[in-house]
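Here's the structure, in structure tokens; my notes come after.
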Amino acid sequence: ARVLRGLVAALSVLLCLAVVAGLTAREQSRTADRRADEAEARRIAAVAGTLRRSDPRAALRLSVAAWRIADVPETREALYGAAAQREVGLLEAGSGGGGPDRNDTWRRLSQDGRTLTVVGPDRTRRWDVATGRPLPDLPGPGRQAASIVAVSPDTGTVALR
109 ARVLRGLVAA LSVLLCLAVV AGLTAREQSR TADRRADEAE ARRIAAVAGT
159 LRRSDPRAAL RLSVAAWRIA DVPETREALY GAAAQREVGL LEAGSGGGGP
209 DRNDTWRRLS QDGRTLTVVG PDRTRRWDVA TGRPLPDLPG PGRQAASIVA
259 VSPDTGTVAL R
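Under our numbering, the first residue of the sequence shown carries the number 109, and numbering increases by one thereafter.
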């Protein structure tokens, strides 16, 4: 009977040690998963920061995704940066500025700010700024165009100097 009690006590101690070891391993696994999620969220927040000027919409989406993965200071900072950002989109129409570029192309935003007009020697291209979609092209003024003076509100007429 004494040997049996000793054996039961030893098995009880081993069972308790096995339960403690299992719980410890589970907690360490959870901690490792949480740290991996935080590292991935930080990486995504950093990518969002690099895209902020070139692709504001993607930067906003990535900032929100990073914050949803892990709420850490870096992801909150990316989210606040996205919320404070004034630019909501990017319209690529060549190099910016109001003067000519290397291709004798002139760019002008209409007075109401709804249409971007790009006048080149061969054609005049227009875009709806809100949607980013191109509007029908118009013929270009040729090489004699010195500069754009004004664009009509309907962007159908370009006054050149």
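Virtual Cβ for every residue (Gly too), placed ideally from N, Cα, C.
| message | Is there a C-beta anywhere in chain D that falls below 9 angstroms from the one on R142? | response | Looking for chain D here will not work: only one protein chain is present.
| S171 and A147 closer than 9 angstroms at C-beta | No.
| If you drop the 5 nearest sequence neighbours on each side, which residues of the same chain put their C-beta closer than 6 angstroms to that of G204? | In this prediction, G204 has a pLDDT of 43, which is less than 50 and means its spatial position is unreliable; what the coordinates show is noted afterwards. Short of 6 angstroms from the beta carbon of G204, and not among the five residues preceding or following it, lies no beta carbon of its own chain.
| query | Roughly how many angstroms lie between the CA atoms of L119 and E135, to the nearest whole one? | reply | The alpha-carbon atoms of L119 and E135 are separated by roughly 24 angstroms.
| field | Three-state secondary structure (DSSP) of T132 | value | Three-state DSSP puts T132 in a helix.
| Of the residues A238, R113, D245, the one placed nearest T230, counting alpha carbons only | Note on identity: in this sequence residue 230 is Asp, with Thr being the wrong assignment. Selected option, being the one with the closest Cα: D245.
| query | By the 10 Å Cβ neighbour count, where 16 or more other Cβ atoms means buried, how is A174 classified, buried or exposed? | reply | A174 counts as buried, since at least 16 other C-beta atoms from the protein chains shown sit within 10 angstroms of its C-beta.
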